[in-house]
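Following: one structure in structure tokens, then a few remarks.
2 protein chains.
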Amino acid sequence: MERSGGGGAGGAGRGDAVGFRPLYRQVYDTLLRRLADAVWQPGQILPSEGQLAAELGVSQGTVRKALDALTADSLLVRRQGRGTFVAEHDDKQSVFRFFKLRPDAGGAGAPQSHVLAITETAASVDERDRLALVRSARVVRCERLRSLDGRPCVLETISVPAALFPGIAACDLPNTLYSLYASQFGITIAVAHERLKAVMLPAREAELLGVASGTPALEVDRVALDLEERPVEWRLSLCLTDTVHYLSVLR
Amino acid sequence: MERSGGGGAGGAGRGDAVGFRPLYRQVYDTLLRRLADAVWQPGQILPSEGQLAAELGVSQGTVRKALDALTADSLLVRRQGRGTFVAEHDDKQSVFRFFKLRPDAGGAGAPQSHVLAITETAASVDERDRLALVRSARVVRCERLRSLDGRPCVLETISVPAALFPGIAACDLPNTLYSLYASQFGITIAVAHERLKAVMLPAREAELLGVASGTPALEVDRVALDLEERPVEWRLSLCLTDTVHYLSVLR
DNA sequence: TAGTGGTCTAGACCACATC
DNA sequence: ATGTGGTCTAGACCACTAA
């Protein structure tokens, strides 16, 4: 691993005139690249700290700092005595990483899904905007109704670039889409931006959700980014919030 | 500093039968206690890593780990070459830590506030619930109208326990309340939980916001906790979201 | 020039998991 | 018994700030 500056007891560190990147940052980027290239699959174990340190020519402490940062970004999971693993996002905990709706009264039954329609078409203006697509691009668009405790409460329209998800229209969509993205298409969702608004439900959407037209709903406009910060999914959700709320924790 | 387990080259570490707390965690708690007791005021500089290490009888690396954790929790700010400081939450960046509304179109003018009413009364049932108060407790309740770009868009009702904020009703409330809590009452807001719903505006609230009754609004129900995780403020906001949205970043 | 935090290393020991 | 991550230490050098 090449040093661009910084200290090091046994190293030959020297400051460059411009641009200083810590060694552990370079290690972070190297490992992130391997994760993006699916060198290690989700759930798979990584080499030990010592092995990575030897391979990259840095100390174990430096590798540890990079691994800790990747763990903080939810890309790795570390288990004392066992090893370091690529994070899988299909367990109970991870589902709620991106699903922020909670019942007002305790409990948290997992949401259920029912696909209303799925088609491949030319991208709309909004879709091109959110997904940074060219004018000729095509998308796969899916409309889905989600229920909590058997009661429909979310109507969502999901759009993904057809080029990135070949054949997804024919897939049997699981409740947790992001694990499908990872396992079938090698795409890991790293972060999502959500914009929330309160809106009045249009007639069609109100009927699908089984409420009166004009009922207020929470509109969630989400763009999900992969490891390389490319927008790979746009999701527009309409949520009924009479017995459910959106939870946000500010630190 | 007493060791309850864990390793250490020069230490006399040994595992206890039950309960294992890393040294750096103990240092973290010690420093957190001093922050909660206002031993160091916001903006003030802390002793250097070396001085703290000597005082607490641990290595500099262990102190560093505790300081890094406190920095990650936004309680400290570290500046290379200068020192470690108690975080102040009155600068531009910190205002937006708890204020998540953003204009749909770029820009982000700071919000302005106008106090409609402020009174001290007996706590309501909701207030006792949110603030964990006893039946006889009193609160100071404030109703405030906030504007973005000169346009009223948020109507909020703020409740705080009167016992924790003596004389606050007579204060000149600044736009950023949390810096007042810190400077005048020694209370630091560490975290806040927000529950979001879409609701229809009642007549009175609609009139205050200058819109038609029945307009959909985003209801934000926030409980703010201090360093010791005590609920110290309840804030119920009604937000118009036609030209503004609530921003949430999921990782 | 001196002092601070930031990085990097090397080595020790501990807690945990597996065999 | 072995290997893994977790903690702790000691010491070196670098980057940054201020006097």
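Residue numbers (our numbering), protein chains in the order written: chain F, 156 to 406; chain Y, 156 to 406.
Positions of the beta carbon are idealized from the N, C-alpha and C atoms, including for glycine.
Remember, it's a predicted structure, so these values are computed and weren't measured experimentally.
From the DSSP output, which residues share a beta bridge with Y/VAL346?
Y/VAL346 is bridged to Y/LEU380.
> Using DSSP with H/G/I as helix, E/B as strand and the rest coil, what is Y/PHE240?
Replying inline: Secondary structure at Y/PHE240: strand, using DSSP grouped into helix, strand and coil.
Taking 9 Å as the CB-CB limit, is F/LEU373 close to chain Y? Closer than 9 Å: yes.
Please classify F/GLN181 as buried or exposed, where buried requires at least 16 neighbouring CB atoms within 10 angstroms.
So F/GLN181 counts as buried.
Cut-off 6 Å between Cβ atoms - residues of its own chain near Y/PRO197, not counting five sequence neighbours on either side: If we look at Y/PRO197 and ignore the five residues flanking it on each side, its Cβ neighbours are VAL241, GLU243 and ALA337.
Under 9 Å, CB to CB, which of the residues in the segment 237 to 257 of chain Y have a partner in chain F?
Legend: CB atoms of the segment 237 to 257 of chain Y lying less than 9 Å from CB atoms of chain F belong to residues ARG252, PHE253, LYS255 and ARG257.
Report the option in Y/VAL404, Y/SER229 and Y/GLN267 whose CA atom is closest to the CA atom of Y/ARG299. Selected option, being the one with the closest Cα: Y/GLN267.
Start-end ranges of the beta strand (DSSP E) lying completely within the segment 285 to 330 of chain F, minimum 3 residues: Counting only runs of 3 or more, we get 293 to 303 and 306 to 316.
message = Using a Cβ distance threshold of 8 Å, determine whether the segment 313 to 332 of chain Y contacts the segment 271 to 278 of chain Y, with at least three qualifying pairs required.
response = Remark: three or more beta-carbon pairs, one from each stretch, lie closer than 8 Å, so the segment 313 to 332 of chain Y and the segment 271 to 278 of chain Y are flagged as touching.
- Message: For a test of the three-state rule: what should DSSP assign to F/GLN196, helix, strand or coil?
- Response: Here F/GLN196 sits in coil by DSSP.
- 8 Å CB neighbourhood of F/PRO386 in its chain, flanking five on each side removed: Hits under 8 Å: ARG285, LEU286, ALA287, VAL378, ALA379 and LEU380.
Shortest alpha-carbon distance to Y/ILE200 belongs to which of Y/LEU207, Y/ALA193 and Y/GLY238? The candidate whose alpha carbon is nearest that of Y/ILE200 is Y/GLY238.
Give a yes or no on whether the C-beta atoms belonging to F/LEU190 and F/LEU222 are separated by under 9 Å.
F/LEU190 places its beta carbon 9 Å or farther from that of F/LEU222.
Am I right that F/VAL309 and F/ARG301 are in contact with their C-beta atoms under 8 Å? What's the rounded C-beta distance? Contact check for F/VAL309 and F/ARG301: beta-carbon distance about 4 Å, within the 8 Å limit, so the pair qualifies.
Pull up the CB-CB distance for F/GLU204 and F/ARG219, whole angstroms please, since I reckon it's below 8 Å. That belief holds up - the Cβ atoms of F/GLU204 and F/ARG219 are roughly 6 Å apart, short of 8 Å.
Taking 9 Å as the threshold (C-beta atoms), are F/LEU393 and F/LEU271 in contact?
Not a contact, by the Cβ cut-off of 9 Å.
Spatial neighbours of F/VAL173 within its chain, please: C-beta separation below 7 Å, excluding the five flanking residues on both sides. With a pLDDT of 48 at F/VAL173, under the threshold of 50, the modelled position of that residue is not reliable, and the figure given next carries that caveat. Excluding its 5 nearest sequence neighbours in each direction, F/VAL173 has no C-beta neighbour in its own chain below 7 Å.
Quiz prompt | Among F/HIS348, F/PHE254 and F/LEU211, the one whose alpha carbon lies nearest that of F/LEU332 | solution = The shortest C-alpha separation from F/LEU332 is found at F/PHE254.
Could you tell me the alpha carbon to alpha carbon distance between Y/LEU391 and F/LEU335, rounded to whole angstroms? In a straight line, the C-alpha of Y/LEU391 is about 39 Å away from that of F/LEU335.
message = Following a CB-centred definition, is F/GLU360 positioned closer than 8 Å to any heavy atom of the ligand COA?
response = For the structure depicted, the ligand COA is absent and the ligand set is empty, with no information on it obtainable.
| said: Taking CB distances under 9 Å as the criterion, tell me whether F/GLU349 reaches chain Y. | reply: Cβ-Cβ to chain Y under 9 Å: yes for F/GLU349.
Quiz item: Which partner residues does Y/PRO258 have in the DSSP bridge list?
Solution: Bridge pairing for Y/PRO258: Y/VAL399 [DSSP].
Own chain, CB closer than 6 Å to F/THR396, minus 5 neighbours either side, in chain order | These residues qualify, in order along the chain: LEU373.
Checklist entry - In chain Y, what lies closer than 7 Å to F/THR396 by C-beta? => result Among the residues of chain Y, those whose CB is under 7 Å from the CB of F/THR396 are LYS352 and ALA353, following chain order.
task: Put F/THR217 into one of helix, strand or coil per three-state DSSP.
output: Three-state DSSP puts F/THR217 in a helix.
- Measuring only between beta-carbons, confirm whether F/ARG367 sits less than 9 Å from chain Y. The sequence given here places Ala at residue 367 of chain F; Arg does not occur at that position. Not closer than 9 Å to any Cβ of chain Y, the Cβ of F/ALA367 fails to qualify, so no.
Proximity of Y/PRO371 and F/PRO307 at Cβ, strictly below 9 Å
Cβ distance not < 9 Å, so Y/PRO371 and F/PRO307 don't count as in contact.
Q. Is there at least one Cβ from chain F nearer than 9 Å to Y/VAL213's Cβ?
A. False, the Cβ-Cβ gap to chain F never drops below 9 Å.
- Could you list which residues in chain F have their beta carbon closer than 8 Å to that of Y/SER229, in chain order? Ordered by position in chain F, the residues that pass the 8 Å Cβ test against Y/SER229 are ARG406.
Measuring only between beta-carbons, confirm whether Y/VAL346 sits less than 9 Å from chain F. Closer than 9 Å to some Cβ of chain F, the Cβ of Y/VAL346 qualifies, so yes.
Pull the bridge partners of Y/PRO371 from the DSSP assignment, please. Paired residue(s): Y/MET355.
task = Compare the Cα-Cα distances from Y/GLU311 to each of Y/HIS269, Y/PRO321, Y/VAL404 and Y/TYR401 and report the closest residue.
result = For Y/GLU311, the nearest C-alpha among the options comes from Y/HIS269.
| request: Assuming F/ARG233 and F/THR226 form a contact by the criterion Cβ under 8 Å, report the distance between their Cβ atoms to the nearest whole angstrom. | output: The beta carbons of F/ARG233 and F/THR226 sit about 5 Å from each other, so the pair counts as a contact at 8 Å.
Between F/LEU403 and Y/GLU349, which are expected to be in contact by the criterion C-beta below 8 Å, what is the C-beta distance as a whole number of angstroms? According to the sequence as given, residue 403 of chain F is Ser; it is not Leu. With a beta-carbon spacing of about 4 Å, F/SER403 and Y/GLU349 fall inside the 8 Å limit used to define contacts.
| What does Y/HIS400 touch in chain F if you count any residue whose Cβ is under 7 Å from its own? | In chain order, ARG350, LEU351 and LYS352 make up the part of chain F whose C-beta sits under 7 Å from the C-beta of Y/HIS400.
Using the DSSP secondary-structure output, state which residues sit across from Y/GLN267 in a beta bridge.
Y/GLN267 pairs with Y/SER302.
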